[in-house]
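Numbering (full-length UniProt numbering), first residue to last: 1 to 479.
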């Protein structure tokens, strides 16, 4: 026995949710319009009925009898036997009866007596002066009744007109309103379908565009945007998303191409050296000790270069929030990076001026960025020169006295895999400054590189922070 589906489990609401959005919107519009038409029709019926009853009450008030008229009619019909006037008589269709305070009644005009109510008796005994109400005759017909007192007479007079005229008019009106409501419902359905088709046309365009992108991976698709409504905002968001995806894919492809290009050179050189060593072993022709040592040294250097390149690629591909963001002492991180730089450039002189500065960032990434900056300064500084490092007010400056960078090359220094033509013979992957720019931007700062006065290069990093660490949050007291 199969389990019921979601629509069956949800009942009518589930079946409604199973419909396409276009059908649900059309159905919603049709139902809303149909309910509105039905409400207007019902209100119109009650308004017309009230107007007809008011007209009938006015007619009854116009037929009030004076005491002389009552006495004359009673003299004509002393037996109180119901009598029907001729059709051309003003009293045709009207029932007139006299009501005594004791509750007895006498029909002087009409076809049959009308059942008395408590209000009729209250008028007869003088409690009320007059009253309108609905009543039925003994033969079951509906009447509208006006009961009132007549001066100088001991009776109350009850004048009644049949509801047949009102009911006939209301019946005709009901038929007309039902037909109008039916036509309105049909028109509402057609209007709902048109509204759904028109309103969802931009959504259809967006759906086709998404399906096209999913099928072909063509990120150049753009949706025409018109207006400033929600659909236009959605279209603009889709266009921005596809543009961002296209840019990201281009950057990925460029990164893969550049990485492949950069990896090819050390891999080729490494393969050549390894093949020489293998061939020497296979042929039994031992290489001279100096040549073998040079080959092994070259293999070691190439392995180191490959490891550094792979590490740089991993750093660039790392998510923006790969580590925990903490409050870090920038001056201490700079000191740690300086210790590593002194080991790599023992022949250089380092002049430092570091004042405390605390920033928010990821410790491994920020330390790597500082090491990259100082490594560049060491790499391009001639032996015996000095490297000047200062940190004041959140501005870190590293200045070397090397050959410098031509002005036309400065705009490219932070590009991935970019290397100055004069530095391509030196070790490096061209990713160091790209990692620096990425890390500084993630920490909310800026980095700039420019030619230093008198020769050399100056790198300036500005990071938001404070000269003192923020106070530690108070610890919770013991329970």
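C-beta: ideal position from N, C-alpha, C; glycine also.
Check: Could you say which of 291, 390, 26 lies nearest to residue 200 if we only look at CA atoms?; Outcome: 26
Check: Since residue 277 and residue 295 are thought to touch, with beta carbons under 8 Å apart, how far apart are those beta carbons, to the nearest angstrom?; Outcome: 6 Å
Check: For residue 194, count neighbouring Cβ atoms within 10 angstroms of its own Cβ and tell me buried if that reaches 16, exposed if not.; Outcome: exposed
Check: To the nearest angstrom, report how far apart residue 330 and residue 358 are at their CA atoms.; Outcome: 6 Å
Check: Pick helix, strand or coil for residue 286, following the three-state DSSP scheme.; Outcome: coil
Check: Taking its Cβ as the centre, do 16 or more other Cβ atoms sit within 10 Å of residue 381, making it buried, or is it exposed?; Outcome: buried
Check: Within the chosen definition, does the segment 134–146 reach the segment 111–124 through at least 3 CB pairs nearer than 8 Å?; Outcome: yes
Check: Just tell me which of 197, 434, 433, 127 has its CA closest to the CA of residue 24.; Outcome: 197
Check: Taking just the CA atoms, how far does residue 243 sit from residue 219?; Outcome: 7 Å
Check: Give the straight-line distance between the Cα atoms of residue 122 and residue 63, rounded to the nearest whole angstrom.; Outcome: 21 Å
Check: For residue 228, which three-state DSSP category applies?; Outcome: coil
Check: For residue 158, does the count of other Cβ atoms within 10 angstroms reach 16, so buried, or fall short, so exposed?; Outcome: buried
Check: Checking the sheet assignment: what are the DSSP bridge partners for residue 328?; Outcome: 359
Check: Please report how far the alpha carbon of residue 432 lies from the alpha carbon of residue 207, in whole angstroms.; Outcome: 43 Å
Check: Write down the C-beta distance between residue 129 and residue 144 rounded to the nearest angstrom, noting that I regard them as a contact closer than 8 Å.; Outcome: Actually they do not touch by this definition, with Cβ atoms about 18 Å apart.
Check: On the DSSP bridge list, what partners appear for residue 144?; Outcome: 134, 161
Check: Quick one: using the 10 Å Cβ neighbour count with 16 as the cut-off for buried, is residue 34 buried or exposed?; Outcome: buried
Check: Go ahead and label residue 326 buried or exposed: buried means 16 or more other beta carbons lie within 10 angstroms of its beta carbon, across all protein chains shown.; Outcome: exposed
Check: Assign residue 399 to buried or exposed, taking buried as 16 or more other Cβ atoms, counted over all protein chains shown, within 10 Å of its Cβ.; Outcome: buried
Check: Measuring only from the beta carbon, is residue 340 closer than 8 Å to any heavy atom that is part of the ligand COA?; Outcome: The ligand COA is absent from the structure shown, which contains no ligands of any kind.
Check: Across the segment 386–398 and the segment 338–354, are there enough close Cβ pairs to call them in contact, namely three or more that are closer than 8 Å?; Outcome: yes
Check: Touching or not, the segment 401–418 and the segment 358–372, by the rule of three or more beta carbon pairs under 8 Å?; Outcome: no
Check: Excluding sequence positions up to five away, which residues of its chain have a Cβ less than 6 Å from the Cβ of residue 463?; Outcome: 359, 394, 443, 445
Check: How many Å lie between residue 392 and residue 458 at the Cα?; Outcome: 15 Å
Check: Based on Cα-Cα distance, which residue from 101, 342, 39, 369 lies nearest to residue 387?; Outcome: 342
Check: Which first and last residues belong to the alpha helix (DSSP H) in which residue 433 is found?; Outcome: 432–442
Check: Please determine, among 274, 101, 224, the residue with the shortest C-alpha to C-alpha distance to residue 237.; Outcome: 224
Check: By DSSP, does residue 349 sit in helix, in strand, or in coil?; Outcome: strand
Check: Taking buried to mean at least 16 other C-beta atoms within 10 Å of its own C-beta, is residue 235 buried or exposed?; Outcome: buried
Check: Alpha carbon to alpha carbon, what distance is there between residue 170 and residue 49?; Outcome: 7 Å
Check: Less than 8 Å between the CB atoms is what I'm expecting for residue 98 and residue 45, so what's the real figure, rounded?; Outcome: Contact flag wrong, Cβ pair sits at about 36 Å.
Check: How is residue 458 classed by DSSP in three states: helix, strand or coil?; Outcome: strand
Check: Out of 340, 344, 390, point me to the one whose CA is closest to residue 367's CA.; Outcome: 340
Check: Considering only the alpha carbon of each residue, which of 147, 389, 186 lies closest to residue 335?; Outcome: 389
Check: Could you spell out the range, first to last residue, of the alpha helix (DSSP H) harbouring residue 206?; Outcome: 201–216
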